[in-house]
Amino acid sequence: MLQIQTKLTSQGQVSVPAAIRNVLNLSPGSVLVWTEEAGRVSVERSVRHSTAEVHQALFGEGPAMPAPAKTPAELKQGIGQLMKRRHARG
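Mapping the sequence shown onto my numbering, position 71 (from 1) lands on 82, and the numbers just tick up by one.
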């Protein structure tokens with residue numbers, strides 16, 4: 012276990028010691044997550060997930076296949092149909 016003391020500045024900032032930056036592979040712009048529980052604070056590197064990972068976690072399946080690309084004529088026709096439905100009187 013690594014334990015290092017740091018000081019809090021008057022602006023409420025704390026420097027992350029080099030040893031901790033190396034262990035967590037931190038660089039400028041890295042995001043840290045601070046967690047407080049029962050008077051103890053832990054700091055972890057924020058983990059970023061791809062949209063595919065989030066989708067799989069939520070829906071339990073792989074990412075949906077994208078729809079085939081539309082031609083400009085198909086897009087124009089689809090927009091026209093949408094506008095007719097939105098502005099239909101009835």
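Even for Gly, the Cβ is constructed at its ideal location relative to N, Cα and C.
Quick one: measure Cβ to Cβ for residue i and residue j, integer angstroms, because I've assumed they're closer than 8 Å.
i: V54; j: W45; result: 6 Å
i: R56; j: S41; result: 6 Å
i: T17; j: P28; result: 6 Å
i: A30; j: L43; result: At roughly 15 Å, the Cβ-Cβ gap does not stay under 8 Å, so A30 and L43 are not in contact.
From the DSSP output, which residues share a beta bridge with residue i?
i: E48; result: R51
i: L19; result: V25
i: R59; result: Looking at the DSSP assignment, R59 forms no beta bridge with any residue, so it has no partner.
i: L13; result: L13 is not bridged to any residue.
i: L43; result: R56
At which residues does the alpha helix (DSSP H) containing residue i begin and terminate?
i: R96; result: P83 to R97
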